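Written out below as structure tokens is the structure these notes cover.
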Amino acid sequence: MSDYLVIVESPAKAKTIERYLGKKYKVKASMGHVRDLPKSQTGVDTENNFKPKYITIRGKGDVLKDLKKSAKKAKKIYLAADPDREGEAIAWHLAYALGIDENSQCRVVFNEITKDAIKESFKHPRSIDNDLVDAQQARRILDRLVGYNISPLLWKKVKKGLSAGRVQSVAVKLIIDREKEIENFKPEEYWSIEANFLKDKESFEGSFYGIDGKKQELKTESDVNDVMKKMKGKSFTVNKVNRRERKRNPAQPFTTSSLQQEAARKLNFRAKKTMMVAQQLYEGIDLGKKSGGITGLITYMRTDSTRISNTAKEEAKGYIEDQYGKNYLGYNKKSKKQEGAQDAHEAVRPTSVVRDPKSLKPVLSRDQYRLYKLVWERFLASQMAPAIMDTMTVHLSNNGVDFRATGSKVKFKGFMKVYVESSDDKKKNENKFLPDLSEGMTVEAKDITPNQHFTQPPPRYTEARLVRTMEELGIGRPSTYAPTLDTIQRRNYVSIDNKRFVPTELGGIVIDILEEFFPEIINVDFTVKMEDDLDSIEEGKTEWIHLLDEFYKNFSKRLEVAEEEMEKIEIRDEPAGITCENCGHEMVYKMGRYGKFLACSNFPECRNTKPILKEIGVKCPKCKEGNVVERKSKKKRIFYGCDRYPECDFVSWDKPISRPCPKCDSLLVEKKGKKETRIQCTNCDYKENAQN
3 MSDYLVIVES PAKAKTIERY LGKKYKVKAS MGHVRDLPKS QTGVDTENNF KPKYITIRGK
63 GDVLKDLKKS AKKAKKIYLA ADPDREGEAI AWHLAYALGI DENSQCRVVF NEITKDAIKE
123 SFKHPRSIDN DLVDAQQARR ILDRLVGYNI SPLLWKKVKK GLSAGRVQSV AVKLIIDREK
183 EIENFKPEEY WSIEANFLKD KESFEGSFYG IDGKKQELKT ESDVNDVMKK MKGKSFTVNK
243 VNRRERKRNP AQPFTTSSLQ QEAARKLNFR AKKTMMVAQQ LYEGIDLGKK SGGITGLITY
303 MRTDSTRISN TAKEEAKGYI EDQYGKNYLG YNKKSKKQEG AQDAHEAVRP TSVVRDPKSL
363 KPVLSRDQYR LYKLVWERFL ASQMAPAIMD TMTVHLSNNG VDFRATGSKV KFKGFMKVYV
423 ESSDDKKKNE NKFLPDLSEG MTVEAKDITP NQHFTQPPPR YTEARLVRTM EELGIGRPST
483 YAPTLDTIQR RNYVSIDNKR FVPTELGGIV IDILEEFFPE IINVDFTVKM EDDLDSIEEG
543 KTEWIHLLDE FYKNFSKRLE VAEEEMEKIE IRDEPAGITC ENCGHEMVYK MGRYGKFLAC
603 SNFPECRNTK PILKEIGVKC PKCKEGNVVE RKSKKKRIFY GCDRYPECDF VSWDKPISRP
663 CPKCDSLLVE KKGKKETRIQ CTNCDYKENA QN
């Protein structure tokens, strides 16, 4: 018989912890929550202080029975769920179900699953933190009141299967607002003049700056012509050379949000995938007996803090000095606490920096290795010295027409030897070298080229941009980003086009309804205030029942108005302009679980359906009769095939283009690389740049 029973959420976590604690401890998994609000009803008594009605989750009966059996045999029970609100609520529900006094020293928390961290945490058990539990309960009840009251209205007035939630509705509203900005955007013309200069066979680029030292914008072709006429020849004098040394500091270690953003940019991971793989690394990977068996490789991945423990800093310091030298050591500057951040846990970092990614590659899956490498490199770089850049700005002049050339080169790599943060916006002049120039020199412009431009609309949201925006605005918390993005896609409120969110017609209808009848639900300021109020409950400053009461007073009135005044909206099927080949009736566009598709208007008599095929303007190179269309695989990967399939089985992962190879007359396709797209022949060695 084990003296102690420890309950965690997952079997993987249980296996890792049991090995660290020894024979006296039995570690079991609750498989997440064991109790929750019922699915069949709201489960909240709004007339009785919002008392929740908790029931055992369907399918958890056997799990709970097994836990109760083990609890009876144990001298002491420890509840070791994750160190956040959700984990505290799981522990609280388990205490109730197993008859454990929540005021007893039954709760154990740890930020990393390593032997030292686990053993230390069991020396300091505490009682269940009711403020954390109340904050989680308040969030759960708020979401239930919103979802279980608005959703049935949407089913009745619009379409079955719809839902509305506090955070998800605001996320959809952001995407819709961005789409409106793009639609209403009016491009403005502007011009630039670029010059390619030559100095002792070394070329460098410069751009028009102004006239007689004063900056000037080029708004029209007439402005450009005036500048071009003013220049005399192609000789430019170097008037001024500014050289300076600039320090570039490393990025802070990962928070949940920055991890999701960087994994999207560098690894092409969706937020949901990032969190799933991070969970595996946190709960433990079997490194083999010689390397310590099952070990947690990263700290807890749901955090909004960039704080690092002194122990981790010292270990990193020793590693950097040993591997790179003393000059690569950084100074331990304090991390800035972001406004609204709870700062409950450390940043996401490796549990031991000594476990470098290369040494773990044989025991990790490809995705685990790539994400661990990202976390490890980001953390190590954050503790290293700044990079030192030599920057140079050159002022060139031709008859009063001023050009500027700027560039920089790395003088000392510092943290850049390990890792450089990516960005949504391309940075100009990074590692762009300039030749050695001095004042009074004359250089020749090989060519001077005017270029017309038009201002661009704001870009649609990628997952990374949307997560960053939600974090900046204070919408949701680290644990909510990935589930929110997943929900709005599953509900078909948004779709993904070229890795960017596009609102669907259905999403627009739902948001319009919410805007009319429940404006606070999609109001960013209201949602942010609600998150702050939930934080206030966690800190013991606000009563959770008071918060719910204040919200429900107004919300219940709006529900009554909506019930009476909301008109039924019929989503009419859009004619597709083609007839059904089976019965001759018109085909229409329908909205299904996986987006739009073509269906016969004579349903249910005729059940003919078809996917919507996007033509790319290329004739099928195989059968010469059909057209090449864009299709999607089961894993949503785009490929290209003949629209006469199955009669013609032409298929290509690369996008075909309309003109033939100039060398052998075969099919040309676009090959997308990480940095550029190339056009190449499918038959011979012909290649060219896509922009040509």
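Sequential numbering of the sequence shown, starting at 3, is according to the working numbering.
Ideal Cβ positions, reconstructed from N, Cα and C, are used throughout, including at glycine.
Owing to the predicted nature of the structure, the values given are computational and were not obtained by experimental measurement.
Distance between residue 125 and residue 321, taken at the CA atoms: about 29 Å. The three-state secondary structure of residue 285, taken from DSSP, is helix.
Secondary structure note for residue 239: its beta strand (DSSP E) is the uninterrupted segment 237-250. Excluding sequence positions up to five before and after residue 209, its CB lies within less than 8 Å of the CB of 194, 195, 196, 197, 405, 406 and 407, all in the same chain and listed in chain order. Closest option to residue 440, judged by alpha-carbon separation, among 545, 672, 653 and 240: 240. The beta carbon of residue 56 sits closer than 6 Å to those of 37, all from its chain and outside the five residues before and after it, given in chain order. If you look at residue 453, you'll find it in the beta strand (DSSP E) that goes 444-456. Following the DSSP letters along the chain, one finds residue 120 in no beta strand (DSSP E) but inside the alpha helix (DSSP H) bounded by residues 117-123. Rounded to the nearest whole angstrom, the C-alpha separation of residue 497 and residue 506 is 7 Å.
If the five residues before and after residue 235 are omitted, its C-beta is found closer than 6 Å to no C-beta atom of its own chain. When secondary structure is reduced to three states using DSSP, residue 130 falls in the coil class, being assigned neither helix nor strand. Put simply, of 297, 167 and 252 the residue whose alpha carbon is nearest the alpha carbon of residue 415 is 252. Boundaries of the beta strand (DSSP E) around residue 393: 389-400. Pairing residue 577 with residue 589 gives a Cβ-Cβ distance under 9 Å. Rounded to whole angstroms, residue 78 and residue 7 show a C-alpha spacing of 6 Å.
With a threshold of 16 other beta carbon atoms within 10 Å, residue 230 falls short and is exposed. Contact between residue 673 and residue 651 is absent: CB atoms are separated by about 22 Å, not below the 8 Å threshold.
Judged by DSSP secondary structure, residue 311 falls outside any alpha helix (DSSP H); it is assigned neither H nor E. Assigned with DSSP and collapsed to three states, residue 89 falls in helix.
Per the DSSP secondary-structure output, residue 63 pairs with nothing in a beta bridge. In the DSSP assignment, residue 186 falls within the unbroken alpha helix (DSSP H) covering 168-186. For residue 520, the CB contacts under 6 Å within the same chain, skipping 5 residues up- and downstream, are 560 in chain order. A straight line joining the alpha-carbon of residue 27 with that of residue 107 spans about 16 Å. Secondary structure note for residue 78: it is in no alpha helix (DSSP H), and the uninterrupted beta strand (DSSP E) holding it is 78-81. Taking C-beta atoms as the reference points, residue 540 and residue 133 count as a pair closer than 9 Å. Around the beta carbon of residue 327, fewer than 16 other beta carbons lie within 10 angstroms, which makes this residue exposed. Put simply, the backbone Cα of residue 14 is about 16 Å away from that of residue 89. Here residue 206 carries a strand assignment [DSSP, helix/strand/coil]. Taken through DSSP and simplified to helix, strand or coil, residue 15 comes out as helix.
The three-state secondary structure of residue 84, taken from DSSP, is coil. Rounded to the nearest whole angstrom, the CA to CA distance from residue 499 to residue 246 is 44 Å. For residue 233, the closest alpha carbon among the candidates 642, 684, 450 and 455 is that of 450. When DSSP reads this structure, residue 643 sits in a beta bridge with 631 and 653. Taking C-alpha positions only, residue 53 is separated from residue 98 by approximately 16 Å. Counting every other CB atom within 10 Å of its CB across the protein chains shown gives residue 503 a total of 16 or more, marking it as buried.
Just measuring C-alpha positions, the residue of 272, 270 and 347 sitting nearest residue 304 is 347.
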